[in-house]
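A quick write-up on the structure given underneath.
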Amino acid sequence: MQVSLSDTGGLSRRLEVAVPATEVAREVQQRLKRLSRTARLKGFRPGKAPLTVIAKQFGDQVRAEVLSDLVRSSFAQAVSEQKLRPAGGPRIEPIAMGPETDLKYAAHFEVLPEIRVNPPERLAIERPASSVEETDVDAMIENMRAQRPVFTPVDREARDTDRVVFDYKARIGGKPFEGSDLTDVRIVLGTRQAMPELEAGLRGVRAGEQRIVHAVFAAAHPNKKLAGQSAELHLSIKAVEEHSLPAVDDEFFRTYGVEQGGLAEMRAEVRKSMERELAEVIRGRVRTQLLDALYRDNPIELPRALIEEQVQELQLDTARRLGIRDASRLPRHESFEEPARRRVALGLLMSQIAQSQGLKADRERVAARLTDLAEGYPDPEEARRAYLRNPQAMRSIESAVLEERVVDFLLERARVTERRTSFSELTGFGRSPAGEDAPHQHEPRHDPQYEPQDEASGT
């Protein structure tokens, strides 16, 4: 096999490979012989057809398979001999593939860059210093009360924070449509749960009242038949319910899984949950700063193939997260370029650090990580077995563990200063108005699915 390597600029390479015609012919003959032992041809017993007949019937197909396999194997061999590290699959340019000639082709590809990581002592990180205060626990319990509202029927006009219960019949051009009639619809006024026209139409209603509201379905409505359509909404008001917060008592504690110990136990459980989140947020902030600093301090040339691969992954992630099926509605390619470059660069840098420092995903850390993940499922032991049966999932865990080891290695050497900050500033708790961007609940234990309490029904 003859190999010729040329640098075509940057990280691009051109590898020209020639495989002797004798080797191609020998492999074709061997495969035809193997095929002749099992081939079923009309007029011949199984495995008894002459080789010339087999070659005439299957020769072109076998030769195509041989050429494909030889290109793959010879490229891998050539890359190994030349000590190259391809950044992705090659683009194959056929040069000669005739039946009587050597197999010749050119492979165009990119190689991984040579990476020299600057000393981690150059990295400067600011670690947030914070703690959970009693006032933070007070605010969290108030938030938890807000997540368990009590709605009580009242005989007055509906206003903001009231819940209105009604039946609903929508008509477009005087005609019903699929899903146009609904019963026992519940909307809390002032929370922007419904079309603006509908919410405005519900203000001031009383139980037993009938009302007609004119509205326009949003242009981006998921049902394209309704998008932008004007509709007439016939409302039959069944109840107006006043919003109030539940008492901080044993019944309230039980809704959050605290069966004994009263307020003191509730506060202790809430504090533990908040402290766990605080530790995770601090760790996340420090990690992000560290990786940003590593990226800025170590500029490297990146293979275009890896960037494109990451751009596609980011696009698919965005589509899944937003429920987008139409590729034309995805954000522009350029908006993913910098995040993709960052991902690729950090992956290469951290891989180099792990290799140079001999860092590995040791069994103990992998096992601990697996246990933590499994504990998040109703049946931890079954979840653990499922992970162990899934090689891809285990590789993902090992990769995460190795990444954490690299982060720990860098943090031990980086210049870290502390900045005092509050729990609310660090976590964002309490910044959003109620009913809009609701803050996280810090439930002390597993909580059943939320259903507002209803004094009238006793639930």
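Residue numbering for the sequence shown follows the working numbering, starting at 12 and increasing by one per position. For every residue, glycine included, the Cβ atom is placed at its ideal position computed from N, Cα and C.
{"query": "Around the Cβ of TYR388, are there at least 16 other Cβ atoms within 10 angstroms (buried) or fewer (exposed)?", "result": "exposed"}
{"query": "Put ASP308 into one of helix, strand or coil per three-state DSSP.", "result": "helix"}
{"query": "Can you tell me where the alpha helix (DSSP H) with PRO391 in it begins and where it stops?", "result": "391-399"}
{"query": "Which residues in the same chain have their Cβ closer than 7 Å to the Cβ of VAL418, if we skip the five residues on either side of it in sequence?", "result": "ARG298 and LEU301"}
{"query": "Which residues does DSSP pair with THR163 in a beta bridge?", "result": "GLU253"}
{"query": "Please list the segments of the beta strand (DSSP E) lying wholly inside the stretch 155-201, counting only runs of 3 or more residues, in order along the chain.", "result": "161-164, 174-182 and 192-199"}
{"query": "With distances taken Cα to Cα, identify the nearest neighbour of PRO124 among GLU111, ALA118, LEU134 and LEU95.", "result": "LEU95"}
{"query": "Does GLU276 come within less than 8 Å of chain C when only Cβ atoms are used?", "result": "No chain C appears in this structure, which consists of one protein chain only."}
{"query": "Pull up the DSSP beta-bridge partners for ILE103, would you.", "result": "ALA118"}
{"query": "Identify whether GLN511 lies in helix, strand or coil by the three-state DSSP scheme.", "result": "Since the first residue of the chain shown is 12 and the last is 470, residue 511 is not available in this structure."}
{"query": "I'd like the list of long-range same chain contacts for ARG170, defined as Cβ closer than 6 Å, with 5 residues on each side in sequence excluded.", "result": "none"}
{"query": "Apart from the five residues just before and just after ARG426, which ones in its own chain have a Cβ nearer than 6 Å to its Cβ?", "result": "ALA135"}
{"query": "The alpha helix (DSSP H) with SER15 in it runs from where to where?", "result": "No alpha helix (DSSP H) holds SER15; the beta strand (DSSP E) holding it covers 13-18."}
{"query": "Could you tell me the boundaries of the beta strand (DSSP E) in which PRO140 lies?", "result": "Per the sequence shown, residue 140 should be read as Ala rather than Pro. Segment 135-140, the beta strand (DSSP E) holding ALA140."}
{"query": "For SER23, which three-state DSSP category applies?", "result": "strand"}
{"query": "Does DSSP put VAL28 in a helix, a strand or coil?", "result": "strand"}
{"query": "The alpha helix (DSSP H) spanning VAL418 covers which residue range?", "result": "402-424"}
{"query": "Let me check understanding here. Comparing Cα to Cα, which of PHE162, THR49, ALA279 and LEU341 lies closest to ASP149?", "result": "ALA279"}
{"query": "Please classify SER247: does DSSP put it in a helix, a strand, or coil?", "result": "strand"}
{"query": "Cβ atoms of ALA98 and VAL128: under 8 Å apart, would you say?", "result": "no"}
{"query": "With a CB to CB cut of under 7 Å and the five nearest residues on each side skipped, what residues in its chain are close to VAL64?", "result": "LEU52"}
{"query": "Using C-beta distances below 6 Å, list every residue in its chain close to ARG416, excluding the 5 sequence neighbours before and after it, in chain order.", "result": "LEU370"}
{"query": "Taking ASP173 as the reference, give the member of PRO233, ASN154 and HIS254 with the closest Cα.", "result": "HIS254"}
{"query": "Give the single residue among PHE69, GLU286 and ARG56 whose Cα lies nearest to the Cα of LYS44.", "result": "PHE69"}
{"query": "Just the C-alpha distance for GLY446 and ARG203, rounded to the nearest angstrom, thanks.", "result": "For GLY446, the pLDDT reaches just 38, beneath the cut-off of 50, and the residue's location in the model is therefore unreliable, leaving the point undetermined."}
{"query": "For the alpha helix (DSSP H) holding VAL227, just list the boundary residues, first then last.", "result": "Element bounds for VAL227: not the alpha helix (DSSP H) but the beta strand (DSSP E), 221-227."}
{"query": "Counting beta carbon pairs with one atom in the stretch 103-121 and one in the stretch 254-264, are three or more of them shorter than 8 Å?", "result": "no"}
{"query": "Please state the DSSP three-state secondary structure of VAL427.", "result": "strand"}
{"query": "I'd like to know if the stretch 227-241 and the stretch 156-168 are in contact, where contact means that at least 3 CB-CB pairs between them fall below 8 Å.", "result": "no"}
{"query": "From the DSSP output, in three-state form, read off SER241 for me.", "result": "strand"}
{"query": "What are the boundary residues of the alpha helix (DSSP H) that includes VAL272?", "result": "In the sequence on display, residue 272 carries Gly and not Val. Counting along the chain, GLY272 falls outside any alpha helix (DSSP H), and DSSP gives it neither H nor E."}
{"query": "Report the CB separation of PHE86 from PRO105 in whole angstroms; it is logged as a contact under 8 Å.", "result": "About 13 Å separates the two Cβ atoms, so there is no contact after all."}
{"query": "Since PRO207 is in the alpha helix (DSSP H), which residue starts that stretch and which ends it?", "result": "207-213"}
{"query": "Taking the continuous alpha helix (DSSP H) assigned at GLU345, which residues delimit it?", "result": "Element bounds for GLU345: n/a, residue is neither H nor E."}
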